[in-house]
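Heads up: the sequence shown runs through residues 1 to 258, numbered per the UniProt record's numbering. Where a beta carbon is used, it is the ideal one built from N, C-alpha and C, also for glycine. Only one structure is covered here, and it is reproduced in the block below.
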Amino acid sequence: MPEVVIVASAFGVDAIRRDGHHAWLKTAAKAGAAGFEVRRELFALEAEASPEALSALGKTIAAQNLWSVYSTPAELYAPDGALEEAALREALIEATALGARFVKLQLGGFAGRAYGEAIAKCTRGVAARLVVENGQMERGGSLAQFEALFNALAKDGCNEGRKPVLGMTFDIGNWQWPGVDPVEAARKLADHVEYIHCKAVAGEGARRFAVAPAADDPVFAAVLALLPRNVPRGIEFPFDAARIAEDASHHVARLASA
């Protein structure tokens, strides 16, 4: 069965900022999760991103028999398409301090040039696997951008005879903000997907928000059927605040067997 990760925000953004990531690790472990996603933007203080603090958090996560994902809102590519090398290096240093299995960035302004060799140089010797996620804006959330990215990496020679320099976090719900059909995206990008963010979306326009996929959600089921089954699935929708532990256990079991 696929491993299931609980994204910290599923416990509530305000709760994480108030109590810290560590406060919810036992709940995640008891729910049956295999991993826990740490969100840099939910640190209440910048000091929480220090190597010492991240190392301590990583040890606490491991003590619950969980592995970690380190998520940062930093973009891999600047608005003009240049590689944000400083941001990448910072994210890799922080993910290494945490002991993360994955380090996740937003794609950003990719505009045709992948800088594959530069990324390979940055990630050489780093244990955390670099993945980029489709965001909720047109920049960084375009299907054409992701298709072009992986084509460019192949042309750079970064996909020949070895693992590509980066993979993809496929966020099922995020595609809906820029108006992309997630089923079409799954058909075209499945070969590059190494981590899945699971959520459905309610509301319209700018007032969309993440919700748990309904049991009979045909889009969610179709996307999961197209994506690799051997990659981790992350819960990125809020749990029921009145019964957090029970809801977490329910959705972990559900995603592991879907």
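Among the options, the one whose alpha carbon lies nearest that of residue i
i	options	result
ALA53	ARG40, ASN65, GLY109	ARG40
ILE119	ALA111, ARG101, GLY112, ARG89	ARG89
VAL131	LYS163, GLU138, GLY157	LYS163
GLY99	LEU107, ALA56, ALA74, GLU85	ALA56
PRO238	GLU117, ALA210, ALA185	ALA210
CYS198	ASP217, ILE16, ASP191, HIS192	ASP217
VAL201	ASP191, TRP175, GLU85	TRP175
ILE196	GLY203, ALA186, GLY81	ALA186
TYR77	GLN106, ASP156, ILE61	GLN106
VAL193	ASP19, GLY203, ASN134, PHE36	ASN134
ILE61	LEU92, LEU45, GLY20, ASP80	GLY20
SER257	GLY12, VAL7, ALA33, ARG18	ALA33
GLY116	ALA144, ALA91, PHE43, ALA148	ALA148
ALA114	SER142, ARG124, ALA154	ALA154
MET137	GLU3, TRP177, THR27	TRP177
ILE16	ALA152, LEU45, VAL4	LEU45
ASN123	ALA49, GLU48, ALA253, THR96	What sits at residue 123 in the sequence shown is Thr, not Asn. Of ALA49, GLU48, ALA253, THR96, the residue nearest in Cα terms is THR96.
GLU37	SER68, ASP156, ALA253, GLY203	SER68
Per DSSP, the bridge partner or partners of residue i
i	result
VAL5	GLY35, GLY234
PHE11	In DSSP, PHE11 forms no bridge with anything.
ASP216	In the DSSP output, where bridge partners are listed per residue, ASP216 has none listed.
TYR70	VAL38, VAL103
ARG129	PHE102
CYS198	ILE235
TYR77	LEU83, GLY108
VAL193	MET168
Limits of the unbroken beta strand (DSSP E) element including residue i
i	result
ARG208	Here ARG208 belongs to no beta strand (DSSP E), and DSSP marks it neither H nor E.
LYS104	102-108
PHE170	167-171
Nearest-angstrom Cα separation, counted from residue j out to residue i
i	j	result
VAL206	LEU25	According to the sequence provided, residue 206 is Ala. The question's Val does not apply to it. Straight-line Cα distance between these residues: approximately 32 Å.
HIS250	ALA31	8 Å
PHE102	ALA242	31 Å
ALA111	PHE150	12 Å
LEU226	ILE172	12 Å
ALA215	ALA23	29 Å
VAL219	ASP247	22 Å
GLY108	LEU143	13 Å
GLU94	ASN65	20 Å
LEU189	PHE146	8 Å
ALA127	GLY12	29 Å
GLU3	THR72	21 Å
ALA74	LEU92	11 Å
ASP191	GLY141	18 Å
Start and end residues, alpha helix (DSSP H) containing residue i
i	result
LEU57	51-63
VAL252	244-257
GLU147	143-155
VAL180	Premise fails: VAL180 is in no alpha helix (DSSP H) and is neither H nor E.
residue 267	With the chain covering 1 to 258 only, the question about residue 267 has no answer from this structure.
GLU138	From DSSP, GLU138 is part of no alpha helix (DSSP H); its letter is neither H nor E.
LYS121	116-123
Where residue i falls, given that 16 or more other Cβ within 10 Å makes a residue buried
i	result
MET1	exposed
PRO51	exposed
residue 310	Here the chain comprises residues numbered 1 to 258, so residue 310 is not present and cannot be evaluated.
MET168	buried
ASN230	exposed
GLY161	Low local confidence applies: a pLDDT of 49 at GLY161 is under 50, so the model's placement there is unreliable, with the coordinate-based value given in what follows. Exposed is the call here.
LEU224	buried
PRO232	buried
PRO182	buried
ALA86	exposed
ALA10	buried
ASP240	exposed
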